[in-house]
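Asker: Right, I'll just put the structure down here and ask away after.
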Amino acid sequence: MQDDLFARPAAPPPSLFFALLPAAGDQAPLEAALQAHAPRFEGFKPMRAAKRHVTLLYLGEPFDEQIPGLVEGAQRAVAGVQGQAFVLSLDRLAVFGRNAVVLAASQTPPALAALESALRAAATRQRIVLAKSPPLHPHLTLGHNDGKRLAPEACAPVRLAFDAFVLLRGGQREAYVELGRWALG
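Residue 1 is where the sequence shown starts when you use the UniProt record's numbering, and the numbers rise one by one after that.
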C-alpha cells in the first residue's frame with residue numbers, strides 16, 4: 001500500500017509562542033486556585049505546573065526544519081522591543097474554547113498591553129507569525145474538563161509578577177522547551 005503524500009503527520013507539529021512563565025513562588029497560589037475550582041468540573045484534568053503559562057503571542061505550528069530560522073527571527077524581533085515588569089491579576093474563572101478551565105484577567109495591565117503590541121508589530125516585521133494570532137486576552141489554563149461551559153465569573157484573584165518573557169516550543173507532552181528568554185525593565 002502506498003503512503004498518502006498529503007496526509008498530516010501522526011503528531012501535530014510543535015507550536016511556537018511567546019509567553020509569560022509564573023515564577024516558582026507563584027505556583028503555590030496557582031495550585032490553591034486549582035484545588036478550589038477543580039471540584040466544580042467533571043473529569044477535570046489539571047495542567048502540570050511545568051506547562052502553566054500566559055500566552056503573549058502565538059506564532060503558529062512550524063515544522064522542525066523551520067524552527068531555527070524562526071528562533072533567529074524572534075531574536076531579531078525582540079532586539080527592538082522594550083517592556084516594563086508588571087503584575088497581572090487573574091480574577092475571573094471561565095471556560096475557554098471547548099474545555100479549557102482558565103483564570104483570566106478582567107483588566108490588562110498597560111505594561112502588558114504595550115509589550116504585546118510591540119512584540120506583535122516586531123514579529124510581523126520579521127515575518128515570523130505563521131498563523132493568525134488571536135487578540136490578547138490574558139489567561140492561564142488550570143486544566144481541562146469534560147466540556148462543561150461556564151460564563152466568566154469573579155473569583156479570588158491570583159497575582160503574578162512578571163519580569164521576563166520567553167519563546168516556547170510546545171507540542172511535547174512534558175514541559176515546554178524554552179528557546180529564548182528576555183528581561184523586562
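Ideal Cβ placement from N, Cα and C applies to all residues, glycine included.
As the structure is a computational prediction, the values presented were derived from the model and not from experiment.
Apart from the five residues on each side of it in sequence, which residues of its chain come closer than 8 Å, Cβ to Cβ, to GLU65?
Answerer: No residues qualify anywhere along the chain.
Asker: Using the Cα positions of ASN99 and PRO157, report the straight-line distance between them to the nearest angstrom.
Answerer: Spanning the two alpha carbons is a distance of roughly 21 Å.
Asker: Between LEU150, CYS155, GLN84, LYS132, which lies nearest to VAL95 when the distance is taken from Cα to Cα?
Answerer: Comparing Cα-Cα distances from VAL95 to each of LEU150, CYS155, GLN84, LYS132, the minimum goes to LEU150.
Asker: Report the residue from GLY171, GLY180, PRO14 whose alpha carbon sits nearest the alpha carbon of PHE63.
Answerer: Among GLY171, GLY180, PRO14, the Cα nearest to that of PHE63 is on PRO14.
Asker: Identify the continuous beta strand (DSSP E) that holds THR141 and give its terminal residues.
Answerer: Counting along the chain, the beta strand (DSSP E) containing THR141 begins and ends at 139-144.
Asker: To which residues does DSSP link GLU178 through a beta bridge?
Answerer: Looking at the DSSP assignment, GLU178 forms a beta bridge with LEU168.
Asker: Any idea if GLY97 is buried or exposed, counting beta-carbon neighbours within 10 angstroms, 16 or more meaning buried?
Answerer: GLY97 should be labelled exposed.
Asker: Using C-beta distances below 6 Å, list every residue in its chain close to ARG120, excluding the 5 sequence neighbours before and after it, in chain order.
Answerer: Excluding positions up to five away in sequence, the list reads LEU57.
Asker: Buried or exposed: HIS53, going by 16 or more other Cβ atoms within 10 Å of its Cβ?
Answerer: Buried, by the Cβ-count rule.
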